[in-house]
Amino acid sequence: GDFIGAYTGLVHTLTEQEQNPYCFHYPTTFFFSQVLAIDAAKEGNLLRFLNHSNTPNLQPAWGMDRNLLHLTFFTNRPIEKGEQLTFNYGPHFWRHRDVIHS
462 GDFIGAYTGL VHTLTEQEQN PYCFHYPTTF FFSQVLAIDA AKEGNLLRFL NHSNTPNLQP
522 AWGMDRNLLH LTFFTNRPIE KGEQLTFNYG PHFWRHRDVI HS
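Per our numbering, the very first residue in the sequence shown carries number 462; after that it's consecutive.
In structure tokens, the structure reads:
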């Protein structure tokens with residue numbers, strides 16, 4: 462698919478209490494026994510406003526650039542002009558939320 466962009470935010474260690482809907486955990490298990498996350502709650506680009514869909518038009522992918530790990534988004538199908546950009550947040554996002562999602 463076509464490259465849309467990289468998800469940006471502050472990279473820091475993350476405790477359960479600091480978790481928020483704008484955090485993506487790095488795909489490494491632990492860094493000195495702590496979880497690393499990209500947190501776009503206070504700083505980030507427009508990709509932090511991507512919404513959830515069970516039939517998304519974007520696919521996240523982790524990739525390396527200049528020895529840094531980045532979360533990127535690519536299209537997984539043609540996108541119509543004016544169509545909302547979405548991806549599937551996955552089951553972990555919804556586990557502790559009492560919401561209905563589509």
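We treat Cβ as the ideally placed atom computed from N, Cα and C, and that holds for glycine.
Just so you know, these numbers come straight off a predicted model, no measurement behind them.
Please classify residue i: does DSSP put it in a helix, a strand, or coil?
| i | result |
| --- | --- |
| Pro482 | coil |
| Leu511 | coil |
Ordered along the chain, which non-local residues of its own chain (more than five positions away) have a Cβ less than 8 Å from that of residue i?
| i | result |
| --- | --- |
| Tyr483 | Gly470, Asp500, Ala501, Ala502, Gly505 and Arg509 |
| Ile540 | Asn518 and Leu546 |
| Asn481 | Asp500 and Ala502 |
What's the gap between the Cα of residue i and the Cα of residue j?
| i | j | result |
| --- | --- | --- |
| Phe485 | Gly551 | 12 Å |
| Gly427 | Phe548 | Lying outside 462 to 563, the shown extent of the chain, residue 427 is not represented and no answer is given. |
| Leu465 | Pro488 | It should be pointed out that residue 465 corresponds to Ile in this sequence rather than to Leu. Each residue's Cα considered, the two are about 20 Å apart. |
| Ala467 | Asp526 | 11 Å |
| Leu530 | Phe554 | 21 Å |
| Ser514 | Leu507 | 17 Å |
Could you tell me how far apart the beta carbons of residue i and residue j are, in whole angstroms, since I believe they sit closer than 8 Å?
| i | j | result |
| --- | --- | --- |
| Leu497 | Thr474 | 6 Å |
Leaving out five residues before and five after residue i in sequence, what residues of the same chain have Cβ atoms less than 7 Å from its Cβ?
| i | result |
| --- | --- |
| Gln545 | Asn512 |
| Ala522 | Thr533 and Phe535 |
Under DSSP, the beta strand (DSSP E) around residue i begins and ends at which residues?
| i | result |
| --- | --- |
| Gln545 | Premise fails: Gln545 is in no beta strand (DSSP E) and is neither H nor E. |
| Pro521 | Leu519 to Asp526 |
| Gly466 | Phe464 to Tyr468 |
| Ile540 | No beta strand (DSSP E) contains Ile540, which DSSP labels as neither H nor E. |
| Thr516 | Neither: Thr516 is in no beta strand (DSSP E) and is coded neither H nor E. |
| Ala498 | Val496 to Asp500 |
| Thr474 | Leu471 to Leu475 |
Going along the chain, which residues of its own chain have a beta-carbon closer than 6 Å to the beta-carbon of residue i, five neighbours each way excluded?
| i | result |
| --- | --- |
| Arg538 | Asn518 |
| Gly524 | His531 and Thr533 |
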